[in-house]
Amino acid sequence: MAPTMAELTNTQPSTDISDFVLHKGHGVKGLSETGIKSLPKQYVQPLQERLCMTKTVPQDSIPVIDISNCDDPNVADAICNAAERWGFFQIVNHGVPLEVLDNVKQATHRFFGLPAHEKNKYSKRNSCSNNVRYGTSFSPQAEKALEWKDYLSLFYVSDQEASALWPPACKDGVLEYMRNSETVIKQLLKMLMKRLSVNEIDEPKQHLLMGSRRININYYPICPNPELTVGVGRHSDVSTLTFLLQDDIGGLYVRDLQDDSWIHVPPVKGSIVINVGDALQIMSNGRYKSVEHRVVANGTKNRISVPIFVNPRPHDMIGPSPEVLATGEKAIYKQLLYSDYVKYFFRKAHDGKATVDHAKI
Ligand SMILES: O=C(O)CCC(=O)C(=O)O
Numbered sequence: 001m002a003p004t005m006a007e008l009t010n011t012q013p014s015t016d017i018s019d020f021v022l023h024k025g026h027g028v029k030g031l032s033e034t035g036i037k038s039l040p041k042q043y044v045q046p047l048q049e050r051l052c053m054t055k056t057v058p059q060d061s062i063p064v065i066d067i068s069n070c071d072d073p074n075v076a077d078a079i080c081n082a083a084e085r086w087g088f089f090q091i092v093n094h095g096v097p098l099e100v101l102d103n104v105k106q107a108t109h110r111f112f113g114l115p116a117h118e119k120n121k122y123s124k125r126n127s128c129s130n131n132v133r134y135g136t137s138f139s140p141q142a143e144k145a146l147e148w149k150d151y152l153s154l155f156y157v158s159d160q161e162a163s164a165l166w167p168p169a170c171k172d173g174v175l176e177y178m179r180n181s182e183t184v185i186k187q188l189l190k191m192l193m194k195r196l197s198v199n200e201i202d203e204p205k206q207h208l209l210m211g212s213r214r215i216n217i218n219y220y221p222i223c224p225n226p227e228l229t230v231g232v233g234r235h236s237d238v239s240t241l242t243f244l245l246q247d248d249i250g251g252l253y254v255r256d257l258q259d260d261s262w263i264h265v266p267p268v269k270g271s272i273v274i275n276v277g278d279a280l281q282i283m284s285n286g287r288y289k290s291v292e293h294r295v296v297a298n299g300t301k302n303r304i305s306v307p308i309f310v311n312p313r314p315h316d317m318i319g320p321s322p323e324v325l326a327t328g329e330k331a332i333y334k335q336l337l338y339s340d341y342v343k344y345f346f347r348k349a350h351d352g353k354a355t356v357d358h359a360k361i
């Protein structure tokens with residue numbers, strides 16, 4: 001049984017909190033549900049990592065683009081302009097049915113609603129596959145301060161493997177969401193690559209752009225003292241593109257490249273948030289921007305999100321595309337083995353754009 005608030009307070013040694021959250025599998029959801037009234041010290045972020053609201057711009061936001069007519073050149077222009085200027089945009093009328101989005105949100109709540117010992121069957125220690133991982137924070141072994149988030153991370157290999165290994169509480173909803181995202185992801189990549197003079201996405205290009213996928217389901221429980229911590233710290237994604245469903249709570253902030261302020265991504269019913277990841281920034285030789293983002297913790301509401309990270313395959317080499325360099329443009333990034341790039345990202349705590357900067361020549 002979960003300890004009560006009195007049993008698990010700030011006065012407890014940090015090993016007790018770690019044991020409860022990390023090893024026993026209660027996560028921060030379990031911690032939040034004990035009713036704790038103040039944030040355990042392990043979660044207190046240094047001042048510079050907390051989001052200072054004076055650095056946010058409430059009236060501004062990223063573009064919301066109607067993609068019902070993907071053959072319209074104005075739609076392609078809007079997508080490519082947003083990827084260059086913001087690295088982030090929302091899409092509406094994308095063809096993924098609302099019911100599919102609702103189903104995957106319900107699947108997420110079903111998984112996180114399981115008792116800790118059920119979720120813990122998928123922890124790093126207990127999971128029978130590296131492709132299925134329940135955890136908390138981002139990289140607890142590398143972090144000085146933990147993040148206020150639990151997650152289940154699913155690396156897709158095949159329907160057969162997913163059927164056998166993914167948690168029954170969520171696998172159908174997650175697979176349905178993933179299948180329904182495929183067409184729109186291809187359409188977006190086609191538009192984005194065309195601006196880079198890649199006029200046809202043949203099989204090798206398709207592998208490079210979307211040869212593997214990782215789907216996370218994220219749970220951000222109510223947090224005491226949300227202003228002292230983060231849901232997710234500043235980072236950019238290692239993906240080609242990220243396809244993100246958020247619920248109606250809000251809390252995702254994106255760096256504005258023009259003035260370094262932070263812009264909220266407001267929930268828009270039925271929309272999907274799309275962002276350029278590091279792999280596409282590298283392939284485009286810096287033309288498309290993989291932008292820093294972060295999630296604030298919430299003091300009154302639980303939040304969920306479901307990103308699909310659309311990635312190259314682990315054994316692919318990534319680097320600036322030959323088509324981009326054909327005009328004589330100088331490469332600003334090295335050629336890298338994608339799995340090495342990803343390992344470098346996960347070895348560290350979230351640290352802004354340090355991973356992609358590391359790939360520079
Ligand atoms: O929850 C969100 O809105 C964003 C999540 C995110 O940035 C991530 O999982 O990398």
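Mapped onto full-length UniProt numbering, the consecutive letters of the sequence shown carry residue numbers 1 to 361. Just so you know, even glycine gets a beta-carbon here, dropped at the ideal spot from N, CA and C. Source: prediction; values computed, not measured.
Inter-residue spacing [alpha-carbon to alpha-carbon] between residue i and residue j
i, j, result
"residue 138", "residue 343", "13 Å"
"residue 32", "residue 144", "20 Å"
"residue 221", "residue 198", "43 Å"
"residue 336", "residue 300", "43 Å"
"residue 351", "residue 233", "8 Å"
"residue 108", "residue 78", "32 Å"
"residue 119", "residue 28", "13 Å"
"residue 223", "residue 38", "9 Å"
"residue 101", "residue 245", "8 Å"
"residue 210", "residue 270", "23 Å"
"residue 131", "residue 162", "9 Å"
"residue 208", "residue 328", "22 Å"
"residue 238", "residue 319", "13 Å"
"residue 69", "residue 360", "37 Å"
"residue 182", "residue 16", "43 Å"
"residue 323", "residue 259", "31 Å"
"residue 194", "residue 241", "15 Å"
"residue 35", "residue 106", "24 Å"
"residue 295", "residue 330", "35 Å"
"residue 303", "residue 150", "11 Å"
"residue 57", "residue 136", "30 Å"
"residue 314", "residue 212", "8 Å"
"residue 353", "residue 235", "6 Å"
"residue 49", "residue 30", "24 Å"
"residue 160", "residue 53", "46 Å"
"residue 72", "residue 180", "22 Å"
Beta carbon of residue i nearer than 9 Å to that of residue j
i, j, result
"residue 94", "residue 272", "yes"
"residue 362", "residue 63", "Because the chain spans 1 through 361 in this model, residue 362 falls outside it and cannot be assessed."
"residue 382", "residue 248", "What is shown of the chain runs 1 to 361, which leaves residue 382 out entirely."
"residue 292", "residue 347", "no"
"residue 250", "residue 264", "yes"
"residue 121", "residue 133", "no"
"residue 176", "residue 225", "no"
"residue 111", "residue 152", "yes"
"residue 230", "residue 281", "no"
"residue 189", "residue 310", "yes"
"residue 148", "residue 297", "yes"
"residue 253", "residue 51", "yes"
"residue 332", "residue 243", "no"
"residue 24", "residue 116", "yes"
"residue 184", "residue 217", "no"
"residue 61", "residue 266", "yes"
"residue 276", "residue 76", "no"
"residue 196", "residue 283", "yes"
"residue 66", "residue 96", "no"
"residue 288", "residue 316", "no"
"residue 228", "residue 43", "yes"
"residue 156", "residue 191", "no"
"residue 278", "residue 290", "yes"
"residue 140", "residue 18", "yes"
"residue 146", "residue 21", "yes"
"residue 167", "residue 98", "no"
Per DSSP, the bridge partner or partners of residue i
i, result
"residue 241", "276, 310"
"residue 334", "None, per the DSSP bridge assignment."
"residue 327", "Residue 327 is not bridged to any residue."
"residue 252", "295"
"residue 102", "Residue 102 pairs with nothing; no bridge assigned."
"residue 189", "Residue 189 pairs with nothing; no bridge assigned."
"residue 318", "336"
"residue 352", "235"
"residue 212", "311"
"residue 206", "DSSP lists no partner for residue 206."
"residue 264", "253"
"residue 303", "220"
"residue 90", "64, 273"
"residue 246", "305"
Segments of 4+ residues assigned as alpha helix (DSSP H) that fall wholly inside the stretch 9-74: With a minimum length of 4 residues, the continuous alpha helix (DSSP H) runs that stay inside the stretch 9-74 are 14-18, 27-33.
Could I get the ranges of all uninterrupted beta strand (DSSP E) runs contained in the stretch 121-186, with 3 residues as the minimum, in chain order? 132-136, 150-156
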